[in-house]
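Trainee: Got a structure here, written out as structure tokens. Questions coming.
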Amino acid sequence: MLGATLCAALGVLGFSFTLPATAWALEGFGPWSVAVVRCALAAALAGCCLAAVRAPLPDRAHRPGIAVVALGCVAAFPLFSTLALQVSSTSHAAVVIGLLPITTAVFALRRGPARPSRRFWAAAVCGAAAVVAFALVRGGGTPGPADLYLLAALVLCAAGYAEGGRLAASMPGWQVIAWALVAAAPLTVPAALWALAAEPVDAAPRALAGMAYLAAVSQFGAFVVWYRGMGAMGVARASQLQLAQPLLTLVWAVLLVGEPLTPAAPATAVVVLVCIAVTQRSRG
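Written as structure tokens, this is what we have:
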């Protein structure tokens, strides 16, 4: 179990750099390029890995789940999180995305026989209220476009996390994300070529580093260890390790992107983490 926990924790660490890396990539690439080029590059890497081990095609029963992973983790999250960072800060996005663990747990519970307790739902409502209050304060009393983008990103990504974790219990976890990337390639590769031709490109070192990280780690490598951990631990237990992700991202936003950190952001993140911790420790 220690190995599974370590794998899931490494996945969380890898994901925690995603928003700062996206901000770096946006310094030299347009938003559509950032959203789809990372997926096309990751698909090429995943395809090479699958070919190297001569991996068989997924069973027919696994293909609908892989399609959900492709939709949520390959298409939706990169697109909507990139669009959100066009009009929002990394620290703001990190707090809103702090609802990803609880959303993942909800999807996992809906796929299984367990039913959440009243304590679970009370903590979930408190955490959601903290995030909504933060978003409203930052948006001057009304949700902004960034919050709508982030909401779409976290709901669809959570569905992909939960479905991928379920699949990883019956097939190699790294193949779950690899096949999802390959399945989406007929869309992401042409879209990447179009975006690079349509948007200006400034191949500065930080932008290239951000894009490389998104493709190699955020879109593939972190998923390899994350799904391996989820497959061994179970989706709900592994998602508990994501409690550290918003705070880690806030730290990286200050250190790597140079964003100012308002008192409301870490305070809200702490409230969300406490609420999610209660939900993870509540009986289903």
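The opening residue of the sequence shown carries number 2 in our numbering; numbering runs sequentially from there. Built from N, CA and C at the ideal position, the CB exists for glycine as well.
Only counting the same chain, and skipping five residues up and downstream in sequence, which positions put a Cβ closer than 7 Å to that of Arg207?
Mentor: So the qualifying residues of the chain are Trp25, Glu28.
Trainee: Counting only the same chain and skipping the five closest in sequence on each side, list residues whose C-beta sits under 7 Å from that of Glu260.
Mentor: Counting only Cβ-Cβ distances below 7 Å, and skipping sequence neighbours, we find Ser90, Thr91, Ser92, Ala254.
Trainee: Within the chosen definition, does the region 126–136 reach the region 50–69 through at least 3 CB pairs nearer than 8 Å?
Mentor: Segments in contact, no.
Trainee: So, at 6 Å on beta carbons, what are the nonlocal neighbours of Pro21 in its own chain, with the 5 sequence-adjacent residues on each side left out?
Mentor: Hits under 6 Å: Thr91, Trp253, Ala254, Leu257, Val258.
Trainee: Assign Pro191 to one of two classes, buried (16 or more other C-beta atoms within 10 Å of its C-beta) or exposed (fewer than that).
Mentor: Under this definition Pro191 is an exposed residue.
Trainee: Using a threshold of 7 Å, state whether the C-beta atoms of Leu182 and Ala44 are closer than that.
Mentor: A contact, by the Cβ cut-off of 7 Å.
Trainee: Give the secondary structure of Ala245 by DSSP, where H, G and I count as helix, E and B as strand, and everything else as coil.
Mentor: Helix.
Trainee: Please classify Pro264 as buried or exposed, where buried requires at least 16 other C-beta atoms within 10 Å of its C-beta.
Mentor: It is exposed - the Cβ of Pro264 has fewer than 16 other Cβ atoms within 10 Å.
Trainee: Are the beta-carbon atoms of Cys158 and Cys74 separated by less than 7 Å?
Mentor: Yes.
Trainee: Short check: CB of Ala85 to CB of Tyr150, under 7 Å?
Mentor: Against a cut-off of 7 Å, the Cβ pair of Tyr150 and Ala85 comes out as a contact.
Trainee: Just the C-alpha distance for Leu14 and Val218, rounded to the nearest angstrom, thanks.
Mentor: Each residue's alpha carbon lies about 10 Å from the other.
Trainee: Do Pro59 and Trp180 come within 7 Å of each other at the CB atom, strictly closer than that value?
Mentor: Yes, these two residues count as a Cβ contact at 7 Å.
Trainee: Note down, in chain order, each residue of its chain lying with its Cβ closer than 6 Å to the Cβ of Thr269, except the 5 sequence neighbours on either side.
Mentor: Answer for Thr269: Val96, Ala131, Phe135, listed in chain order.
Trainee: Measure the C-alpha to C-alpha separation of Cys276 and Tyr228 and round it to an integer number of angstroms.
Mentor: Rounded to whole angstroms, Cys276 to Tyr228 spans 24 Å at the Cα level.
Trainee: Assign Pro201 to one of two classes, buried (16 or more other C-beta atoms within 10 Å of its C-beta) or exposed (fewer than that).
Mentor: The residue in question, Pro201, is exposed, as its Cβ has fewer than 16 Cβ neighbours within 10 Å.
Trainee: Classify Met172 as helix, strand or coil using the three-state DSSP reduction.
Mentor: In this structure, Met172 counts as coil in the three-state DSSP scheme.
Trainee: Measuring CA to CA, which of Gln176, Phe108, Ala216 is closest to Ala52?
Mentor: For the residues Gln176, Phe108, Ala216, the minimum Cα distance to Ala52 belongs to Gln176.
Trainee: Under 7 Å, do Leu11 and Val226 count as touching if we go by C-beta distance?
Mentor: Their beta carbons are under 7 Å apart, which means Leu11 touches Val226 by this criterion.
Trainee: Compute the distance between the beta-carbons of Ala154 and Phe108, then report whether it is under 7 Å.
Mentor: Contact flag unset, no.
Trainee: Return the chain-ordered ranges of every alpha helix (DSSP H) run that is complete within the region 25–93 and spans a minimum of 4 residues.
Mentor: Counting whole runs of 4 or more residues, the region 25–93 contains the alpha helix (DSSP H) stretches 32–53, 64–70, 78–88.
Trainee: Among the residues of its own chain, which have a CB less than 8 Å from the CB of Met234, if the five just before and after it don't count?
Mentor: The answer, listed in chain order, is Met2, Ala5, Thr6, Ala9.
Trainee: Is it right to say Arg39 is buried, meaning 16 or more other beta carbons lie within 10 angstroms of its own, or is it exposed?
Mentor: That one is buried.
Trainee: With Val218 as the anchor, note down where its alpha helix (DSSP H) starts and where it stops.
Mentor: That residue, Val218, is in no alpha helix (DSSP H); it is neither H nor E in DSSP.
Trainee: From Val272, Pro247, Met172, pick the residue whose C-alpha is nearest to that of Pro57; which is it?
Mentor: Here the closest residue by C-alpha is Met172.
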